[in-house]
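Some notes on the structure that comes next.
Protein chains in written order, with our numbering: chain H, 941 to 1117; chain C, 941 to 1117.
See the structure below:
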């Protein structure tokens, strides 16, 4: 069975509603997505302190599930070995929070198939779905770039804009095989 | 730079002093190491409940460092990219405890080089030092079996009995190269 490595933040967990709330609290306004198209919201001028909230206890506890991800991952698990992986190691609290979040929303994925890491260079699989170009570049299998504001201008990878497109991609792979 | 993947429990963290204490508390005696040679201490007749303590809060917080591991890993880091990895995902509390333990005893290893996982099949590297045969079998690089009671009868792998032998092995690799 081929292995798909699936990232968490901005792929199955949507961090942007929370970032927008924080931004609004800090700056008194809610930026339009096009304002930070091609970058992270905390790369907007003067907004670098927004990133600091990632270290806060609870940040990762209540993120919304990315639409369609549960359903499509269930379907993928009939045909592939699915591993969830996350660069959680930078944020101490995120470890238990992400563990519990997965238990709450993706309890159908066995704990054996979960990886929390720092750098993803030491991971191995056939496909990787990730929003970070640096993770995809070091991957030896087939990389899929999941659209997020910060990667919107990248053109080097097969792009999937949402989970419907992930489903379609893998259906295509199976029909082509 | 070649990559070495190094396991935690029974490789850099010694779980046995704690297991022996628990066994003594439960059964009123301290077993000799030869009694559980070739197996885990909790595989002794009637002792399976000893394994349950792995789920307890604090179990992984205060394990002693395996003698020589800090010094040898520092030396290895001059020549190799060292990743610490641990099958932490089964035990919820172990995530933060192992994170803090590494910070306390191996703060010279960057967080980018730490991986907590379930199954190790999705890891990639050139060498793996581990006490579990199942992890070594699925590894595509060079596997090194770190001696622990439960693997004492295995004969399929290059064996390292302690960190001095790890040092000697890698010195040999570099001289041979």
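In this text, a Cβ means the ideal position worked out from N, Cα and C, and glycines have one as well.
{"Asked": "Residue 1023/C (DSSP reduced to helix, strand or coil)", "Found": "strand"}
{"Asked": "Within-8 Å CB hit, residue 1053/H to chain C", "Found": "yes"}
{"Asked": "Pair within 8 Å by beta-carbon distance, residue 1029/H and residue 1051/C", "Found": "yes"}
{"Asked": "Residue ranges of each alpha helix (DSSP H) within the region 944-1030 of chain H, 4 or longer", "Found": "956-967, 1009-1016"}
{"Asked": "Same chain only: Cβ atoms within 6 Å of residue 1098/H, ignoring 5 sequence neighbours per side", "Found": "1084"}
{"Asked": "Partners in chain H for residue 1030/C, counting only beta-carbon separations shorter than 9 Å", "Found": "1051, 1052"}
{"Asked": "Any 3 or more C-beta pairs closer than 8 Å across the region 1010-1030 of chain C and the region 944-953 of chain C", "Found": "yes"}
{"Asked": "Range of the contiguous beta strand (DSSP E) that encloses residue 1082/C", "Found": "1082-1086"}
{"Asked": "Boundaries of the alpha helix (DSSP H) in which residue 1064/H is found, first to last residue", "Found": "Per DSSP, residue 1064/H belongs to no alpha helix (DSSP H) and is neither H nor E."}
{"Asked": "Sheet register partners of residue 1100/C (DSSP bridge)", "Found": "1086/C"}
{"Asked": "Separation of residue 953/H from residue 972/H, as counted between CA atoms", "Found": "20 Å"}
{"Asked": "DSSP state of residue 1109/C mapped onto helix, strand, coil", "Found": "helix"}
{"Asked": "Closest by C-alpha distance to residue 1010/C, when choosing among 1035/C, 976/C, 1107/C", "Found": "1107/C"}
{"Asked": "Opening and closing residue of the beta strand (DSSP E) in which residue 1055/H lies", "Found": "1054-1057"}
{"Asked": "Other residues of its chain near residue 975/C: CB distance less than 8 Å, five sequence neighbours each side excluded", "Found": "984"}
{"Asked": "Assigned exposure category for residue 1115/H - 16 Cβ within 10 Å defines buried", "Found": "exposed"}
{"Asked": "Residue interval of the alpha helix (DSSP H) (run including residue 1042/H)", "Found": "1034-1045"}
{"Asked": "Residue 1081/H CB to nearest heavy atom of the ligand SAH below 7 Å", "Found": "The model depicted lacks the ligand SAH and carries no ligand whatsoever."}
{"Asked": "Any C-beta of chain C under 8 Å from that of residue 1062/H", "Found": "yes"}
{"Asked": "Interfacial residues, the region 1003-1023 of chain C to chain H, with Cβ spacing under 7 Å", "Found": "1023"}
{"Asked": "Close beta carbons around residue 1101/H, own chain, < 6 Å, minus the five adjacent residues each side", "Found": "1087"}
{"Asked": "Beta carbon of residue 942/H nearer than 8 Å to that of residue 1066/H", "Found": "yes"}
{"Asked": "Limits of the unbroken alpha helix (DSSP H) element including residue 942/H", "Found": "It is not in any alpha helix (DSSP H) - residue 942/H carries neither H nor E in the DSSP assignment."}
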